[in-house]
Amino acid sequence: MILKRVLSIALLGFCSTLYANDMVGVWKTIDEQTGYSRADVTITKNSDGSYTGKITAIRPLPYKALVETCEKCKGPLKNTKLVGLEILKGFKQNPQHENEFVGGTVLDPLSGNVYKGKAKLNPTGKRLTMRGYIGVSALGRSTTWIRAE
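Going by full-length UniProt numbering, the sequence shown opens with residue 1, and the numbers climb by one from there.
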C-alpha cells in the first residue's frame, strides 16, 4: 500500500515536471484593462520543434461588441476571421532555459501589428508570459496567459 502511494506521488511529480516546461495546450488570453478572457489560443509543436499558436475561441468583453475579424491587420490578413488565425509562430525552446521560448513572432489582432516575441512559463506551467517587442525586448510589452484546465 505504501509502495503504491510512493509510486503515485513520484509519477504525479514527474508528470507535473513535464507539464511545467511545455507550452503546448490551450491558453486563455486576458484583457489587461478588464481582467476578462478575450480568447483561447491553442499552441502546438511542429515537426521542426517550433511552436505555433492559433485562436480557437473568442469571447466578447462585458458591454462591448464581439470583434470577430482582424480589422486592423494588413495585407492578406485584413478582415480575416479571428477564429483559426495564426498569431504565434516560430517559437523555439531556449536550450539554456527549458521554460523559455524565443525567436518567434506575435500578431496582435487588435492592432494588426506583428512583433518579435518570446515567452516564459512559470514553474507550475499554468501561466505563460508572452512578450512582444520591436528591436530589443526592453522596448516591448508583456501579457500573461492562463492555461485552460
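Each residue gets a CB set at the ideal place from its N, CA and C atoms; glycine is no exception. Nothing here was measured: the structure is a model prediction, and the numbers come from that model.
Margin query: Judging by CA-CA distance, which residue of T34, A57, D40, Q33 is the nearest neighbour of W27?
Written below: On the sequence shown, residue 27 is found 27 positions in, with the first residue counted as 1. Among T34, A57, D40, Q33, the Cα nearest to that of W27 is on D40.
Next item on the list: Please go through the UniProt domain "DUF2147" (25 to 147) and give each complete beta strand (DSSP E) segment of 3 or more residues, from N-terminal end onward.
Entry: 25 to 30, 37 to 45, 51 to 58, 86 to 94, 97 to 107, 114 to 121, 127 to 133, 140 to 147
Note to self: Buried or exposed, going by whether 16 or more other CB atoms sit within 10 Å of the CB of V106?
What the structure shows: Translated into the one-based positions of the sequence shown, residue 106 becomes position 106. With 16 or more Cβ atoms within 10 Å of its Cβ, V106 is classed as buried.
Margin query: Using CA atoms only, rank isn't needed, just tell me which of G132, I134, K126, K116 is closest to V24.
Written below: Position 24 of the sequence shown, counted from the first residue, corresponds to residue 24. When only C-alpha atoms are compared, the closest one is K126.
Notebook entry, point to check: In angstroms, rounded to a whole number, what distance separates the CA positions of P60 and I87?
Noted result: Working through the sequence shown from its first residue, we reach residue 60 at position 60. Working through the sequence shown from its first residue, we reach residue 87 at position 87. Each residue's Cα considered, the two are about 18 Å apart.
Note to self: For a quick check, are the C-beta atoms of K54 and G84 less than 8 Å apart?
What the structure shows: Numbered from its first residue, the sequence shown carries residue 54 at position 54. Numbered from its first residue, the sequence shown carries residue 84 at position 84. Yes, Cβ-Cβ distance for K54 and G84 is below 8 Å.
Next item on the list: May I ask you to report which of helix, strand or coil DSSP gives G13?
Entry: Along the sequence shown, read from residue 1 onward, the residue named residue 13 stands at position 13. Residue placement at G13 cannot be trusted, given a pLDDT of 43 that sits under 50; what the coordinates show is reported in the next sentence. In this structure, DSSP gives G13 a helical state, which the three-state scheme calls helix.
Check: With a CB to CB cut of under 8 Å and the five nearest residues on each side skipped, what residues in its chain are close to N46?
Finding: The residue given as residue 46 occupies position 46 in the sequence shown. Hits under 8 Å: T52.
Notebook entry, point to check: If you count every other CB in all the chains shown that lies within 10 Å of the CB of I43, and 16 or more means buried, which is it?
Noted result: For the purposes of this step, residue 43 is taken as the residue at position 43 of the sequence shown. The residue is buried, with at least 16 neighbouring Cβ atoms inside 10 Å.
Margin query: Going by C-alpha to C-alpha distance, which of F101, D108, K74, G117 sits closest to I30?
Written below: One-based indexing of the sequence shown puts residue 30 at position 30. Comparing Cα-Cα distances from I30 to each of F101, D108, K74, G117, the minimum goes to D108.
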